[in-house]
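Q: One structure is given below, represented as structure tokens, and several questions about it will come after.
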Amino acid sequence: MRKKVTKAIFPVAGLGTRFLPATKSVPKEIMTLVDRPLIQYAIDEARAAGIKEFIFVTSRGKGALEDYFDHSPTLEAELERKGKMDLLEILNDTNMESGAVAYVRQHKAMGLGHAVWCARKLVGDEPVAVLLPDDVIAAETPCLQQMVEAYEETGGNMVAAMEVSPEKTSSYGVLDLKEDLGQMVSVKGMVEKPAEGTAPSNLAVIGRYILTPQVLKHLDDMKEGAGGEIQLTDAIASEIKASDNVYGYRFNGQRFDCGSKAGFLQATVAFGLARDDLKDELGQYLQELSFAKKAAE
Ligand code: UTP
């Protein structure tokens, strides 16, 4: 029987330089999309996919992230005393079970592959999901759940993939397709940030993965890749060569790149408009803005 995916790694040890100066003291993953930190969206997605153990790869200055997962008895008691049960419920939903969360430290931001490798001892001999919290995905069925369901059919390694325009491929890990199976593709290669005009396809990998323990083993090599970083893409590429067991999964949903300012702003608008308590006011404001812009033209 195939082992279930019950563990997930959340690499949150990056420097977040694109959001300086905010990220000087606020971890990027704590920045809020409407009223929930980015990390909460990733946790909710992981829970929906059946994840029970949450492994955070953190670094210096990420204390706020650890605090966020603690229960807050004083605040909870105060909300209860004031009868603010709706807020209490929101708060309770964010509480993590004791023992369900583990932290490992990445001593230096040496790349995503290195961050994932830091969690290897907590993962052991099991498949593991990896979620990058700065990729936020709006989807009817949460993205990782879609992937876990597909994984239960096929096994192997699975990466979330989406079509991007040719001029954008150099910002992503890109798949070299063996066979296009529709929702899934089998993969014969994968390259991180290919130079313009050299990408093997337009199918880019985004921040959701299901990995077998072998991929973490490849990371033992500590080989530097694109940008002088230890790349997860390279370890997956090694596994393609070794086992021919890697699939891309075209997920249903809309992905927002909240690691970039423009993506974060777009996500803020989209998630704001999706909220019953905000959509009217925000929608009206956006309409006024667009009228004003047209009038000025
Ligand atoms: P990014 O490439 O977005 O890097 O990392 P970053 O440091 O977060 O942000 P910028 O580019 O400086 O603005 C993608 C994911 O990988 C994690 C990040 O925390 C983020 O979730 N990561 C990256 C690590 O955990 N460790 C690393 O060494 C690099």
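Using this note's numbering, count along the sequence shown one by one with no gaps and you end on 381. In this text, a Cβ means the ideal position worked out from N, Cα and C, and glycines have one as well. Values in this document were obtained by computation on a predicted structure and should not be read as measured data.
Cβ-heavy atom distance between F153 and the ligand UTP below 7 Å?
A: No, Cβ of F153 sits at least 7 Å from all heavy atoms of the ligand UTP.
Q: Taking 8 Å as the cut-off, decide whether the C-beta atoms of G332 and A213 are in contact.
A: No; because the gap between Cβ atoms is not below 8 Å, this pair is not in contact.
Q: Helix, strand or coil for N286, going by three-state DSSP, please let me know.
A: Of the three classes helix, strand and coil, the one that applies to N286 here is coil, per DSSP.
Q: Closer than 7 Å to a non-hydrogen atom of the ligand UTP - does that hold for the CB of K252?
A: Because no heavy atom of the ligand UTP lies under 7 Å away, the Cβ of K252 does not count as near it: no.
Q: For the ligand UTP, any of its heavy atoms closer than 7 Å to the Cβ of D318?
A: Every heavy atom of the ligand UTP is 7 Å or more from the Cβ of D318, so no.
Q: Flag T225 as yes when its Cβ comes closer than 7 Å to any non-hydrogen atom of the ligand UTP, and as no otherwise.
A: The answer is no for T225.
Q: Find the nearest neighbour of M274 within the set D260, S344, E280 and L265, judged by alpha-carbon distance.
A: Answer by Cα proximity: D260.
Q: According to DSSP, simplified to helix, strand and coil, what is K205?
A: Three-state result, K205: helix.
Q: If I'm right that V271 touches I324 with Cβ under 8 Å, what's the distance once you round it to whole angstroms?
A: That pair is a contact at about 6 Å.
Q: Go ahead and label K252 buried or exposed: buried means 16 or more other beta carbons lie within 10 angstroms of its beta carbon, across all protein chains shown.
A: Under this definition K252 is an exposed residue.
Q: Which residue wins for smallest C-alpha separation from E113, given the options A358, G343 and T352?
A: Nearest option by C-alpha distance: G343.
Q: Which ranges would you report for the beta strand (DSSP E) in the segment 184-236 if only whole runs of at least 3 residues count?
A: Counting only runs of 3 or more, we get 185-189, 212-215 and 219-222.
Q: Skipping 5 residues on each side, what residues in its chain have a beta carbon closer than 6 Å to that of L303?
A: Once the five neighbours on either side are set aside, the close Cβ partners of L303 are G197, W201 and A319.
Q: Take Q124 and list the residues in its own chain whose beta-carbon comes closer than 7 Å to its own, dropping the five residues that flank it on each side.
A: T178, listed in sequence order.
Q: Are three or more beta carbon pairs between the segment 122-139 and the segment 222-233 nearer than 8 Å?
A: Because the criterion of three Cβ pairs below 8 Å is met, the segment 122-139 and the segment 222-233 touch.
Q: Could you please give me the residues that DSSP links to E404 through a beta bridge?
A: There is simply no residue 404 to check, as the chain begins at 85 and stops at 381 in what is shown.
Q: At the level of alpha carbons, what is the spacing between A97 and A380?
A: One C-alpha to the other measures close to 44 Å.
Q: For the ligand UTP, is there any heavy atom lying closer than 7 Å to the beta carbon of P217?
A: Yes, the beta carbon of P217 sits closer than 7 Å to at least one heavy atom of the ligand UTP.
Q: Using C-beta distances below 7 Å, list every residue in its chain close to F348, excluding the 5 sequence neighbours before and after it, in chain order.
A: Around F348: C342.
Q: Taking just the CA atoms, how far does K301 sit from L122?
A: Spanning the two alpha carbons is a distance of roughly 29 Å.
Q: Quick one: is the Cβ of R102 within less than 7 Å of any heavy atom of the ligand UTP?
A: Result yes, Cβ under 7 Å from the ligand UTP.
Q: Could you say if the segment 152-165 and the segment 93-109 meet the contact criterion of at least three C-beta pairs nearer than 8 Å?
A: Short answer: they don't touch.
Q: On the premise that E276 lies in contact with G240, defined as a C-beta separation below 8 Å, what is that separation, rounded to the nearest angstrom?
A: Incorrect: roughly 20 Å between the Cβ atoms, too far for contact.
Q: Cutting at 7 Å between CB atoms, please list the residues of its own chain near E164, excluding the five before and the five after it.
A: Once the five neighbours on either side are set aside, the close Cβ partners of E164 are L172.
Q: Here's the rule I'm using: 16 or more other beta-carbon atoms within 10 Å means buried, otherwise exposed. How should P111 be labelled?
A: Buried, since its Cβ has 16 or more Cβ neighbours within 10 Å.
Q: Expressed to the nearest angstrom, what Euclidean distance is found between the alpha-carbon atoms of T238 and I294?
A: In a straight line, the C-alpha of T238 is about 12 Å away from that of I294.
Q: List the DSSP bridge partners of N241.
A: According to DSSP, N241 bridges with V330.
Q: For L117, which beta-bridge partners are listed by DSSP?
A: Note: L117 sits in a beta bridge opposite R120.
Q: Taking the alpha helix (DSSP H) that M274 falls in, what are its first and last residues?
A: Segment M268 to E276 is the beta strand (DSSP E) holding M274; no alpha helix (DSSP H) there.
Q: For I174, which option in S254, T296, S285 and R120 has the closest C-alpha, if you only look at C-alpha atoms?
A: Per the Cα distances, R120.
Q: Pull the bridge partners of I294 from the DSSP assignment, please.
A: Looking at the DSSP assignment, I294 forms a beta bridge with A213 and M242.
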